[in-house]
């Protein structure tokens, strides 16, 4: 997983007992522009606010919407992900649009640029291993001397994606971590987030006038890690319920969320619980999310797909 020079062969230690925030952050249908940049602003309102807070792990604030003159959709946002020792502040710019063509089969494509500022918060000290810190990918590193740790590190990355929806079905694919820059905070080693592929598939099923079911699956994988998520989402007139099964390498979790939809607001809470013995050191987590439309578009200007997605985020 790492390229480690001879000088650090004795002082870098890896661990995979924690969540890989680099791999999993934003992989949720409630953040469609982060799940796949082609879905940025897919609700097709002019300005919409998206927020999410995973307690003790990340905070996110994004604006998305539809640009005038049919110039496409946008999303801009800031995000902070962190462990006890390391934090990353990210600013992203995302653009997506629909391709002209057959109305029955609608294609979307998009891209995103992320600008990252990563820093050490407070490395721990142990007399045997030296200064240690848990990185955002869940690994713990140790160096003998404090001056072998970089205080901060700036890097950027890019993501490109495409989706297709036919009637009630949607499929998508994207690639990220394309630039392959060094993200190691140790001066004695280098680490590059591997080139990563994302796949998604889902479908909408209407039950009567007020209930819509959206089962979906997400797969994220690179040469080091595999992440999969199966969702079952139910939307009623005012409420939204979601149950998920998650697998990240050897770890397995289940999660559930409940949200209320009221006028322009979609807000709720999510709980995630580890279920495998490999996750013995993992802790349950809570997410709070609050989305709100600031400036709406007229309903007759929206696509059928936008009206369906409105029910789920």
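Numbering (this note's numbering), first residue to last: 796 to 1108.
No residue lacks a Cβ here, since even glycine has one placed at the ideal position from N, Cα and C.
Taking 8 Å as the cut-off, does the segment 969–986 touch the segment 931–944 (at least 3 CB pairs, one atom from each stretch)? yes
Less than 8 Å between the CB atoms is what I'm expecting for residue 960 and residue 915, so what's the real figure, rounded? About 43 Å; that fails the 8 Å criterion.
Heavy atom of the ligand NAD within 7 Å of residue 814 beta-carbon: Of the ligands one can find in the structure shown there are none, so the ligand NAD has no counterpart to examine.
Just how far apart, CA to CA, sit residue 909 and residue 955? 12 Å
Secondary structure at residue 831, three-state DSSP: helix, strand or coil? DSSP places residue 831 in the coil class of the three-state scheme, outside both helix and strand.
Cutting at 8 Å between CB atoms, please list the residues of its own chain near residue 892, excluding the five before and the five after it. 866, 867, 868, 903, 904, 905
Just to check my reading of the structure: residue 831 and residue 993 have Cβ atoms closer than 8 Å, yes? What is that Cβ distance to the nearest angstrom? 7 Å
Which residues DSSP lists as bridging residue 1069, in chain order: 1048
Can you tell me the Cβ-Cβ gap for residue 1013 and residue 822, rounded? I've got them flagged as a contact below 8 Å. 6 Å
Quick check on DSSP: helix, strand or coil for residue 1100? helix
C-alpha gap between residue 819 and residue 1000, whole angstroms: 27 Å
Here's a check: name, in chain order, each residue in its chain whose Cβ is nearer than 7 Å to the Cβ of residue 848, leaving out the five neighbours to either side. Counting only residues of its own chain and dropping the five nearest sequence neighbours on each side, residue 848 has a CB closer than 7 Å to the CB of 854, 1082, 1083.
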